[in-house]
Structure formats: structure tokens, C-alpha cells
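Chains as they are written, first to last, in full-length UniProt numbering: chain A, 1 to 326; chain B, 1 to 326. Single-structure report; data block below.
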């Protein structure tokens, strides 16, 4: 099933089920007040939402036209957003750009940072650009939402805790990042509010494209109306989602509603498939030409992320954002 | 007023007002379902909670005996926990022990990391020790809870966003931390769930000890039943809470219910006043003797943090935790 949250209602939004073809959506408040409550009581609530979803598909529910402008991120806020860096080709390029070595154990020890999760941007919300000198960049990612994960959970056990899948635009401030990371406490100012796809889906919606650990489909990235990337999310990732979850749960429980991100989806053959952030392209230019011709985002720039199923239908709806001054 | 959350109820607990002398507490569910809801609607809810608090003091409310074993952290979970390192004497000791200079901008650019906030330990909950080789340590801190803080908020404006004050035990895994920080993404596995004091208070409860930016009182720290620290929270801090809030809000809004921590309370005259973590004591031993005699926490060890008002009454109640294997 496909789930989303209307912006209206409280800080956690109002839950809706969305039709597979993204034409209609129906209120799910008869089942649960918010999607946050749903994931916190998933065992009980999911079957009821499935029933509602089937009724929507069968045309047996009052419904609204699908309209992403009315939608928040599926979880408009979360108690935990932990973002990885599972595609090492991305890490290799951005570290080269920052003049930082790859960690010695990068092939065996996942990178994961604690992200801000108190208020996400909506999927088609403007991205505020306060200062163009901050180096505003997008990052196209896959993310999963878990139920309660106990401390010490194994990679194998972690698979069953993945309940929902979605896309993420992990917005980054590249020129704020370099001095911030040198201080040694990780990202804070350099990672303002992220945005997620309008829709999150249960793994079955992906069919064979979901392996239990990764999404075997390309992420379609359009920057300022032009193809920017068709990077395959199932290729060149060193750590699958269960690896990231087990890593996150090594020393503590993860509460239901935890969102785990893949990091920027990146392939080794970036000259063929493109990229999912500007920093990668700038580094490729720097390596090739000695300097980066591509500038960071400015007011008016647009970024769109989408993923199509084998039937050509958008799985998660599109993240589609415009940068605005302010 | 003094506020707390009973563990019973949902993941956000059940709100109570607590008497100034910490003898009684009364349900606040007639006003608001949870303390999280209270801080998210503070302007409307605070006066009603004040009225309830006055009724409790006047003996006009049904009440329970104060019992910290029934209490969760005041916010049992939060959408944001951002922890600083405002006492540079702590950082200076760390770097001195490692033979490393202080960063050039340490006096002007606050250190702040994004902490895990999906589930905090209760104030007298056991601290799980899965592996004694992880180097389990306590950190005694002051923390504040804000209402909604807009991006770009100034230090001066930040003062008015501090609505509640409390203590924190920011539990750290020292031997997990060093390899984790080298990776460059900040803390994740090395910072398991923190615990907070049983009670959070409005600033007026501190009287003259609250300056608008700092708490001018010593933090009383008892480790395994013995005095370990009487470190003054108003001395030797380079960044006050409004500085930390303004730093956190530079590139994004902070949602109501954000908890901002001071970092380990530390004074320059640590040989007189003691410390608020084991790592500092180990550093002092290392500088003096060439090696650290003090071991990290093991099952059975106990740690207690408390702060007394000028009248000798515990302001926040005591964080009082025992390490258990598990």
C-alpha cells in the first residue's frame, strides 16, 4: 500500500492512503490519527490500512484527487533520522572534494550520522536559500522506516523491521560542512531540514525490485528541467538497509518511526548515469578540468527525484522542489 | 513550576505537576495529554499548568507522593536533542591529555552535535552495560527545552525561547567514541540513550541562580556513594544557552520541544571541585601520573546528579542510576 500525510491537522499531519496509480487518495483517520501513530502500532494498524487501501483501489471509498501540494513528508517529523553513506563512490568523490581520506575500514564499518528530524520539508515545498555562499546542494537518497528495533539486532533480524520505503532529498550546505566537520562533532548547521517523497510504500509495492535489503531500480533525477541522473539504487552500494539498521542498533534500541537513509545514491560509472548531488559533479569536473564549473543551487533552481516501477508508474510520487531566497 | 512525566501512559508519558518541596505530585492531564503537547502549545498551556501548580502548593488538588521510580525523563523522547560542549575546560583537558592544541575558533564557534532522542532513559533507570570494553561513562550536564525557534534567531532573541530547565546524564561509550569520531560523521554508537532529571522547571524556579543564559549553582555529583564533583555550572562556560540555541538555529528552524544541552559541566579548578565524567579524571591522572588509574563504569556502579537551591531543596530531583549488565 501507499501512504501519505496531508499537511493539514497537527504537526504530524493527517494520514491518507493513496491509489497505486497516484490518482486518488482517501483519509485514513478512521484507522489511526497520524502515520506516526501507525508506525508506532504497526502490527495492529497495518492490516486495517491495507483494508482501506484495497477499498480505495476498488472505488469503494470517498476520495480526493492526489495533490502533492497538499502533502507533507509522510512522517512530517520523526523521533529519529539516521542517514548513512552506503554508496562508497559518493563518499570517495566528496571526500576528495573536501581533501579528506577515506576511512580505513570504509568497506566493513558503515558511516551513519544522526540527522535533524524535528521538522522536515514537504515533498514539493520550496528549499530556503538564506545565503548563496553556503553552497546549497541536493542529495537523492532511498530511505526506510522501521518499527521498534531492539539493541543488538542482527542484520538478518533487521530485515523484518523495515516497514516502509520512501525517497529523500537530504539537503546539504557544502561550504558550511567543511569547517563544521573539521570540528569533529559531525553535521549540524550543514544539514538543514530534509524533504521526503510524497508517498511511502510497504515493501510489497516494489515487487521484485525490493530484495529485502535494497531497491533495484534507478533513481530519476531532474535538475532545472534536464536529466541529471539515472543512478541505479541497487548497484554499487556497499551496505544494505539491514546493515545500516544493525549498525544503528548496536548500542541502543531504535524507536518505531526511525528513518534510516542510504546516503546519496551513486554509481561507479557516473560518467554514464550521472549523479544525485552537485558536489559529485563538481568533483568530477575538478578532477577532469582542474576546477568546478557547476555552481551550487541558487533561488529559482529546481530539483526533482522520482522512481518508476516496471509498469512505468511513479512509486513514491516526485520530490519536486524549487529554491527560494529567504 | 516543576513538571514531570509518569512512565505510565504512552511513549510520551503522563504529565504531572510536582510540589516545590518534592513531596507531592498531581496529574496534569486535565490541562494537556503530555508534556510534549505542553511545550508545543506553551503559550496557551503554561498558564493553566501554573494554576494547577499553585493549587497543588495550596493543598487543593488530589495528589500522589513524589516517587521518582514512577517517572520517565520529563520528555521521555524528543524530536530534537542537540548537545553542546560549552565548558572549554573539559575540551582543554581532553586535548591536553592527547597533546593537541585547542582549535583556533573554540572561543567563538560553539561545538554542538545532533544526539539521539527517540527514547531516553528514566532518571533512576538502570544504565545497560552490554560490554565493559566499550568504556561506559557518565556526563553531568544542564539542559534547556525551547519552544519554536525560527531560523536565524539571534542570541538575544533566543533567551525568550528557553521555557524549561533540567539536568542530563549524557551517557558516553569512550572506547566506541574514538574510532567513531575519526570517521568524521560525529557520534552515533558512542552516545546511547541519555537520561534526564525527574523534574524540569520553569526558569523562575531558579530565582537569581538563573541569569537568562546560565545556572549559577554547583552540580552535585556522587559516584558510587562518594562525592565526585561540586562543579559550578555558572563558571567557566564559554557559551551560554542562548549562544547554543542561536548556533543551532543558524540554518534551520528548531521545533518546540528541542532540548539543548550544555555539555559536561567543568571548571578550571578541577583539582578542587572535581569532575562530571570519568574521562576528565582519567585525563588528569594521565597528565599527572602517565596513566589513568580510574576505570570506566561497570555493573553495580552508581551515579547521582543533583542541584540544590539556596534553600537546600533539590531543584530538579536527582538523576540516580545504577549500571546493570545487559
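All residues carry an ideal CB built from backbone N, CA and C; glycine is no exception. Values in this document were obtained by computation on a predicted structure and should not be read as measured data.
Please report the distance separating the alpha-carbon of residue i from that of residue j.
i, j, result
"residue 105 of chain A", "residue 231 of chain A", "25 Å"
"residue 74 of chain B", "residue 6 of chain B", "8 Å"
"residue 1 of chain B", "residue 99 of chain A", "51 Å"
"residue 251 of chain B", "residue 60 of chain B", "47 Å"
"residue 217 of chain A", "residue 161 of chain B", "45 Å"
"residue 129 of chain A", "residue 220 of chain B", "45 Å"
"residue 37 of chain B", "residue 302 of chain A", "36 Å"
"residue 94 of chain A", "residue 279 of chain A", "6 Å"
"residue 241 of chain B", "residue 82 of chain B", "11 Å"
"residue 54 of chain B", "residue 20 of chain B", "10 Å"
"residue 222 of chain A", "residue 185 of chain B", "28 Å"
"residue 66 of chain B", "residue 282 of chain B", "37 Å"
"residue 183 of chain B", "residue 310 of chain B", "45 Å"
"residue 77 of chain A", "residue 314 of chain A", "24 Å"
"residue 298 of chain A", "residue 285 of chain A", "19 Å"
"residue 57 of chain A", "residue 47 of chain A", "15 Å"
"residue 296 of chain A", "residue 132 of chain A", "8 Å"
"residue 166 of chain B", "residue 12 of chain A", "26 Å"
"residue 192 of chain A", "residue 62 of chain B", "45 Å"
"residue 39 of chain B", "residue 239 of chain B", "24 Å"
"residue 208 of chain B", "residue 225 of chain A", "59 Å"
"residue 68 of chain A", "residue 43 of chain B", "32 Å"
"residue 4 of chain A", "residue 85 of chain A", "26 Å"
"residue 172 of chain B", "residue 307 of chain A", "40 Å"
"residue 243 of chain B", "residue 159 of chain B", "9 Å"
"residue 210 of chain A", "residue 163 of chain A", "12 Å"
"residue 89 of chain A", "residue 267 of chain B", "45 Å"
"residue 15 of chain A", "residue 34 of chain A", "5 Å"
"residue 333 of chain B", "residue 79 of chain A", "Lying outside 1 to 326, the shown extent of chain B, residue 333 of chain B is not represented and no answer is given."
"residue 198 of chain A", "residue 233 of chain B", "46 Å"
"residue 107 of chain B", "residue 321 of chain B", "34 Å"
"residue 123 of chain B", "residue 178 of chain B", "27 Å"
"residue 180 of chain A", "residue 254 of chain B", "19 Å"
"residue 137 of chain B", "residue 206 of chain A", "44 Å"
"residue 247 of chain A", "residue 189 of chain B", "8 Å"
Kindly identify the DSSP beta-bridge partner or partners of residue i.
i, result
"residue 335 of chain B", "The requested residue 335 of chain B does not occur in the structure, where chain B is confined to residues 1 to 326."
"residue 223 of chain A", "A:226 and A:303"
"residue 146 of chain A", "A:162"
"residue 314 of chain A", "A:308"
"residue 218 of chain A", "A:232"
"residue 185 of chain B", "In DSSP, residue 185 of chain B forms no bridge with anything."
"residue 195 of chain A", "A:121 and A:169"
"residue 366 of chain A", "Outside the displayed range of chain A (1 to 326) lies residue 366 of chain A, so it cannot be described from this structure."
"residue 337 of chain A", "The shown model of chain A, from 1 to 326, leaves out residue 337 of chain A, and the question about it has no answer."
Could you give the C-beta distance for residue i and residue j, rounded to a whole number, given that I count them as a contact under 8 Å?
i, j, result
"residue 18 of chain B", "residue 52 of chain B", "Wrong, their Cβ atoms sit about 11 Å apart, outside the cutoff."
"residue 262 of chain A", "residue 142 of chain A", "5 Å"
"residue 152 of chain B", "residue 28 of chain B", "Not a contact, Cβ separation roughly 34 Å."
"residue 102 of chain A", "residue 91 of chain A", "7 Å"
"residue 170 of chain A", "residue 139 of chain A", "4 Å"
"residue 135 of chain B", "residue 175 of chain B", "4 Å"
"residue 305 of chain A", "residue 292 of chain A", "Actually they are not in contact, since the Cβ atoms of residue 305 of chain A and residue 292 of chain A sit about 22 Å apart, beyond 8 Å."
"residue 329 of chain B", "residue 127 of chain B", "This structure leaves residue 329 of chain B out entirely; chain B is present only between 1 and 326."
"residue 64 of chain A", "residue 25 of chain A", "5 Å"
"residue 245 of chain B", "residue 149 of chain B", "6 Å"
"residue 23 of chain A", "residue 121 of chain A", "With 8 Å as the limit, residue 23 of chain A and residue 121 of chain A do not qualify as a contact, their Cβ atoms being about 25 Å apart."
"residue 157 of chain A", "residue 114 of chain B", "Wrong, their Cβ atoms sit about 26 Å apart, outside the cutoff."
"residue 273 of chain A", "residue 229 of chain A", "6 Å"
Taking only beta-carbon atoms, is residue i less than 8 Å away from chain E?
i, result
"residue 144 of chain A", "The structure shown contains no chain E; its protein chains are A and B."
Say the cut is 7 Å; is the CB of residue i nearer than that to a heavy atom of the ligand COA?
i, result
"residue 129 of chain B", "Of ligands this structure carries none, so the ligand COA is not represented either."
query: Looking at chain B, which residues of the UniProt domain "Fumarylacetoacetase N-terminal" (1–77) of chain A have a Cβ within less than 8 Å of any of its Cβ atoms?
result: 11, 40 and 77
- request: Closer than 8 Å, Cβ to Cβ, to anything on chain A: give me those residues from the segment 238–263 of chain B, in chain order.
  value: 247, 248, 250, 251, 252, 253, 254, 255, 257 and 258
field: Interface residues of the segment 104–118 of chain A facing chain B [CB-CB below 7 Å]
entry: 111, 112, 113, 114, 115, 116, 117 and 118
task: Enumerate, from N- to C-terminal direction, the unbroken alpha helix (DSSP H) stretches of 4 or more residues contained entirely within the UniProt domain "Fumarylacetoacetase N-terminal" (1–77) of chain A.
output: 35–40 and 42–57
- request: With 7 Å as the C-beta to C-beta threshold (strictly closer), list the residues of the segment 171–186 of chain A near chain B in chain order.
  value: 173, 176, 181, 183, 184, 185 and 186
query: Of all the residues that make up the segment 193–217 of chain B, which are near chain A by a beta-carbon distance shorter than 7 Å?
result: 193
- request: Give, in chain order, every residue of the segment 116–139 of chain A whose Cβ lies closer than 8 Å to some Cβ of chain B.
  value: 116, 117, 118, 119, 128, 130 and 134
query: For the segment 232–295 of chain A, which segments carrying the alpha helix (DSSP H) assignment without a break, of at least 4 residues, lie completely within its bounds, in sequence order?
result: 241–248, 270–273 and 278–289
- prompt: Looking at chain A, which residues of the segment 269–300 of chain B have a Cβ within less than 8 Å of any of its Cβ atoms?
  reply: none
message: Closer than 8 Å between beta carbons: that is the criterion. Which residues of the segment 299–317 of chain A meet it against chain B?
response: none
task: Compile a chain-ordered list of the residues in the segment 144–160 of chain A whose CB is closer than 8 Å to at least one CB of chain B.
output: 151 and 152
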